[in-house]
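Asker: Got a structure for you, questions after.
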Amino acid sequence: VQLQASGGGFVQAGGSLRLSCEASGSIYTVNNMGWYRQAPGDQREVVATITRGGTTNTADSRFAILRDNTKNAVYLRMNDLKPEDTATYYCNADIRTRDNPARLNNVWGQGTLVTVSS
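Position one of the sequence shown corresponds to residue 90 (our numbering), numbered consecutively onward.
Structure (structure tokens):
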């Protein structure tokens, strides 16, 4: 089971980006999903989370998290980006696999870099 993130890139301040992350493999269910970010020299911090039922928790009102359970995917829409948003963004998910549905696995994606210029 793995998470594949995409959508990062270079954007000017005030711009928008949409990150995508899709889980693949022998998946039974995907529970909570989320986005985290880590800037150089900083600790990883939570950006937004979403439950399987769609309840969201977002650290910044400029960001919106969505998911598509039919695709085991989660998205992060980021508006009015600022230079301080520059970081590597990671998706995360709690996943149950078909071979062991009783076990909840916490899985990280590989990260996608977002660079915001002033």
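Think of the CB as a built atom: it goes at the ideal place given N, C-alpha and C, for glycine as much as any other residue.
Using 8 angstroms as the cut-off, can you tell me whether the region 129–138 makes contact with the region 110–117, which would need three or more C-beta pairs spanning the two stretches below that distance?
Answerer: Touching, no, given that fewer than three Cβ pairs across the two stretches are closer than 8 angstroms.
Asker: Given this structure, state the Cα-to-Cα distance separating glutamate 173 from leucine 202, to the nearest angstrom.
Answerer: One C-alpha to the other measures close to 13 angstroms.
Asker: From threonine 177 to threonine 145, what distance separates their C-alpha atoms?
Answerer: Near 21 angstroms, if we compare the C-alpha coordinates of threonine 145 and threonine 177.
Asker: According to DSSP, what are the bridge partners of leucine 108?
Answerer: The partner list for leucine 108 (beta bridge, DSSP) reads Leu165.
Asker: Tell me which same chain residues have a C-beta within less than 7 angstroms of the C-beta of glycine 200, skipping the five on either side of it?
Answerer: Once the five neighbours on either side are set aside, the close Cβ partners of glycine 200 are Ala94, Thr177, Tyr178, Tyr179.
Asker: Report all residues from its chain with a CB closer than 8 angstroms to the CB of aspartate 188; omit the five preceding and five following residues, and keep chain order.
Answerer: Once the five neighbours on either side are set aside, the close Cβ partners of aspartate 188 are Ser115.
Asker: Which partner residues does glutamine 101 have in the DSSP bridge list?
Answerer: According to DSSP, glutamine 101 bridges with Ser206.
Asker: Just list the residues that DSSP pairs tyrosine 125 with in beta bridges.
Answerer: Looking at the DSSP assignment, tyrosine 125 forms a beta bridge with Val135, Tyr179.
Asker: Would you grab the beta carbon distance between leucine 165 and glycine 103 for me? Rounded to a whole angstrom, and I think it's under 8 angstroms.
Answerer: Their Cβ separation, rounded to whole angstroms, is 17 angstroms, which puts leucine 165 and glycine 103 out of contact at 8 angstroms.
Asker: Between which two residues does the beta strand (DSSP E) carrying valine 90 extend?
Answerer: Note, valine 90: premise wrong, no beta strand (DSSP E); not H, not E.
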